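First residue of the sequence shown? That's 681 in the working numbering, and the numbers climb one at a time after it. Remarks on the structure that follows.
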Amino acid sequence: MRKQITRLSLHQNAKVFGVLMAVATLPMIILMFFIFQSSMPPGSDRHMPFMASGIFMVLAPVFYFVMGYISTLIMCFTYNLMQRVTGGFEFEVENKQTNEELDA
């Protein structure tokens, strides 16, 4: 059976993708924090680089969330406009019986 996606929810899809982007950056941010800390020359003032990398660690996931949210919002809006002309994504689904249904 063929089905078409006629509308994408703007806020829900943008929210999910924004959170996904923010969470996906966390391992990279933690790794970058340790790289920043280990790359400081000996005897230097350690407070400023620590503060800069700390601010980076807080702002990067927020930035990725906002940019992911905005870009997904724009793309879903564009899809909702274009699906009227193109017909939207089309896919096939098939109903399969589970083992419980076969036993009954």
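All residues carry an ideal CB built from backbone N, CA and C; glycine is no exception. Predicted, not measured: the structure shown is a model, and the values here were computed from it.
Fewer than three pairs of CB atoms, one per stretch, sit closer than 8 Å, so the stretch 732-742 makes no contact with the stretch 757-775. Taken in chain order, the complete beta strand (DSSP E) segments of 3 or more residues contained in the stretch 740-775 are 770-772. A direct Cα-Cα distance of roughly 11 Å separates Cys756 from Phe697. Using a Cβ distance threshold of 8 Å, Gly768 and Thr686 count as a contacting pair.
For Gln692, the enclosing alpha helix (DSSP H) begins and ends at Leu690 to Ser718.
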